[in-house]
Structure formats: structure tokens, C-alpha cells
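Okay, so here's the structure we're looking at.
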Amino acid sequence: MKRKSYLIGFAMLLLFGACDSDVAVKEVNGIPIVEKISFSEAEGVANHSLNEFGVSFFDAAVSEFSESDNVVVSPLSASLCVAMLANSADQEMEDAIMRVLGKPSLSVLNTTCNQLMRYLPSDVNGGELLLANSCWVAEGYDPLAAWKESMKKTYYADVYSIDFSKEQEIERINKWCGEKTNGLIPEVDFVFPENTVISLINALYFNGKWDRKFNKDLTDVQSFYGRDRETKVSMMHMTGTLAVSKDDDFTAVELPMGNNRMRLYLPEEGVKVSDLVSRLSYAKIDNLSWEKANVELALPKFRADNSFEVSDIFHKLGLPTTCGLDKLGLYGDMPLAINQQTYTSIDEEGAKAAAVTTTGFATSTGGEFLEKVVLRFDRPFMYAIENSTTGTIIMMGVINNL
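In my numbering, the protein residues as written are 6 to 407.
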């Protein structure tokens, strides 16, 4: 598997929900934003299935790397990208995507994703979440008008004509990615073959502030006992009441960021973080019991970047390796390539995250007594960034070395 992994870090997010207003209050990246989300019964099931897919996608990604690598993925970015693919590909690929995403109908998947895109960036969630989609079609190809209208109406995706053989044209894609991730991912690391026909791209940017910030004066230099080595890190400290969940394999703590949250999972001594990831299904995560405790928390500042091809992951989850783009009016099997770049970091103020996912096709060719809990994240751990209302997973990661 082609991959490139860097380090210094962290980040993730989850969706779930129901409310009842559909009144847009403003636009962000051309998306009319709403302050409430109202799922039908079918959409609620689809949303739950997208969250299940997010954990499966993360588990499959971690298994592709060595136990020494830091791994950061964005299930939300991946979900939106393959949802656009389902609206572009032939029936075989559409059916496969529906199976991977939990068997919703295409229409239900579309309305669910549309609602998520309109609600998640809302100010009511706190912090800042930006979502953007685009479609880049090779010059000389003229997609069907119905497809272009669908991309615009459902996924707010602009369609651009591009010459993939020219480097200056690829800079247009880099500029778009840089703008939509606030500069955290200024360019794509992967190469577009000259015979690329189309690329579907999702970009995501998240910036959340802790409800209760770490005191910078308490940050000191301490050891982090990684999978392969011991290193010195800037360790942040906080003592106070936080939500904690305990299991035989881990102790987890939740750091609120408005209506978003970061959950960090510290494996018990003797439990490898890779084993923890493989045992944590979405059903188990969703049903964890959280209780308030007096927590003494030590958490390293970090940044983590990944850039890797995720095609093999999707193939293992059930997608074909080739498909036609019938809904664009482009027929004949073409190999599918899916790539993702991610960025995450945390400090005393909060957490930042960004992701770019691309699909590409080339022609052949309270006052009560609280338990005292001491948590020191000074060894490999797992984390997630989630939306408290919908449960959507925006980012998930494991930190093995710092």
C-alpha cells in the first residue's frame, strides 16, 4: 500500500441526531447552513450506518500500517467522497457502495449527507467546521447536465474542466484544497495520471476550542513512551471534573468543544493500541457508559499528518476495483483510485483537523463525591473527534510514537 506518514500529533469527529427546523441562517462555502437537523426514520438509520462505516474504515486503515505508525483518517470526508461516487458510477459500483455504507437507498443516502453538510458547520455546534466538494473533469469530456445538477444540488459541488496533463492545471486543484482547509493541506501529495478522466474531491477543516482550556503555565517537558522509542514532549496538564468511561481494555476521557468533543482512549497496561482499535466496534463506542470523575489529566501536544492511498481499504470493504461512470455519460470500466490526506494537532487552546479525499478515474491505458482518576497519556493511545448531536466521525487516530 502506498503511504506516507508524518508525526507530531492528533484528531477526529462523530455524527448522530434529530431536531426539526430546515431554515437556513447563512451560507458557508456555498452551503445553506441550518441550526437544527431533522432525520426521517430512514435517514436516522442511514446516519447510524455512516457512523458504523467510520469505525470500520478506521480499523481497516490502522491494519494497513505497521504498529509503529501514527494513523489519522477522516471517516466523514471519506463518506462524502464515496457518496458522490455512488451518484456518478455504474449500478455495480452504486450497489457496492450502498452495502459498504450500510445499505441505504441512494436517495436516502443523498438526503442524509445533504442534511449533515448543512448542519455540521452550524455555529450551534461551536468551533468551526468547513466542508466543500468539487468535481474535476478532463477537457474534452462533457458530463450529462442531470449529473452536474445533482452534484450541485445535493453535494454543493462545483464542476470544473481541467487538463490533467499540465502541472499548472493541477495547481488549480492545490489552490482549491489549500483554500478549503485554511492552508493546513496546501497541496495534494498524489499524482494525477495524464489520462485521468475525472476526480471527485472532498475537503474538510475543523477548528475547535476546548470548553476548558489547558493552563499554558503548567505545560512542561516529559517523556512519552512510544511503541519504538522514548521521546521528550510538551505535556499539558489539567485537573477537574471530566466525563470518563472505563473498560477492561482502556480508560477514556472526553474533552468538550461546544457541541463537539474529543474522546481519548488510553489502553490499559499490556494492551496494544492496535488491538484496542480492532476490538472497538461502533456499537461498543456508541454504548459506552460515561460518568463524571475528578480527573488529573496529562496530555501531550502533538501534530500528525498522513497521506496515503485508501483504495485497498475500500476494496477490502467491498468496492470493485473498476467501474464505469454511467451517470456522467462515460461508459466502460476504468480503475478506481481513492486517496486521503489528513492533518491533526492539539495544544492548550483546542484541536485542529483537516482532510482531503479524492477519487480518481483514468482511462485504460456536580457537588457530590467523585472518583479520583489519574490519566497520563504518556504511551500509545487512540482518539476521536465527534459531533455530540449526530455522532458523525470527523477524525479518528492512533498515536504510537511522538
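Where is the CB? At the ideal position from N, CA and C, for every residue including glycine.
Proximity of residue i and residue j at Cβ, strictly below 7 Å
i      : j      : result
Phe382 : Leu285 : no
Ala356 : Gly213 : yes
Ala94  : Leu335 : no
Val67  : Val76  : yes
Pro80  : Gly107 : no
Asn92  : Ser139 : no
Arg266 : Glu391 : yes
Arg104 : Gly323 : yes
Leu260 : Trp215 : yes
Thr349 : Ala309 : yes
Met241 : Phe219 : yes
Val403 : Ala298 : no
Leu205 : Thr364 : yes
Asn207 : Cys328 : no
Asn4   : Thr186 : This structure cannot speak to residue 4, because the chain is shown only from 6 to 407.
Phe211 : Asn344 : no
Ala88  : Phe62  : no
Rounded Cβ spacing between residue i and residue j (contact assumed at less than 8 Å)
i      : j      : result
Asp168 : Glu144 : 5 Å
Leu269 : Phe386 : 6 Å
Val258 : Val300 : 6 Å
Pro198 : Ala367 : 5 Å
Leu209 : Leu136 : 6 Å
Pro126 : Val33  : 5 Å
Asp352 : Lys306 : 5 Å
Asn405 : Asp74  : 6 Å
Asn52  : Thr395 : 6 Å
Leu380 : Thr246 : Contact flag wrong, Cβ pair sits at about 13 Å.
Closest Cα partner of residue i within the set the options
i      : options                           : result
Val450 : Leu333, Glu354 and Asp194         : With the chain covering 6 to 407 only, the question about residue 450 has no answer from this structure.
Leu55  : Thr117, Asp233, Ile178 and Ile318 : Thr117
Ala359 : Val378, Ile404 and Asn311         : Asn311
Gly183 : Met400, Glu391 and Gln346         : Gln346
Tyr146 : Val129, Asn200, Asp254 and Ser71  : Asn200
Met401 : Leu302, Thr364 and Ile290         : Ile290
Ser316 : Thr326, Val105 and Arg308         : Thr326
Ala342 : Tyr348, Ile318 and Thr349         : Ile318
Val226 : Trp152, Ala303 and Trp141         : Ala303
Asn179 : Lys158, Lys251, Trp141 and Val278 : Trp141
Glu275 : Tyr287, Asp253 and Ala288         : Note that residue 275 corresponds to Gly in the displayed sequence, not to Glu. Of the listed residues, the one whose Cα sits closest to Gly275 is Asp253.
Asn130 : Thr349, Val249, Arg384 and Ile42  : Ile42
Leu281 : Glu72, Glu40, Glu57 and Asn34     : Glu72
Gly231 : Arg384, His53 and Lys31           : Arg384
Glu354 : Asp128, Phe195, Asp222 and Ser228 : Asp222
Quiz item: Unbroken beta strand (DSSP E) runs of length 3 or more, entirely within the segment 315-343: which are they?
Solution: 327-330
Quiz prompt | beta strand (DSSP E) runs wholly inside the segment 119-185, at least 3 long, in chain order | solution = 133-143 and 163-167
Practice problem: Could I get the ranges of all uninterrupted alpha helix (DSSP H) runs contained in the segment 250-311, with 4 residues as the minimum, in chain order? | Solution: 278-284 and 287-291
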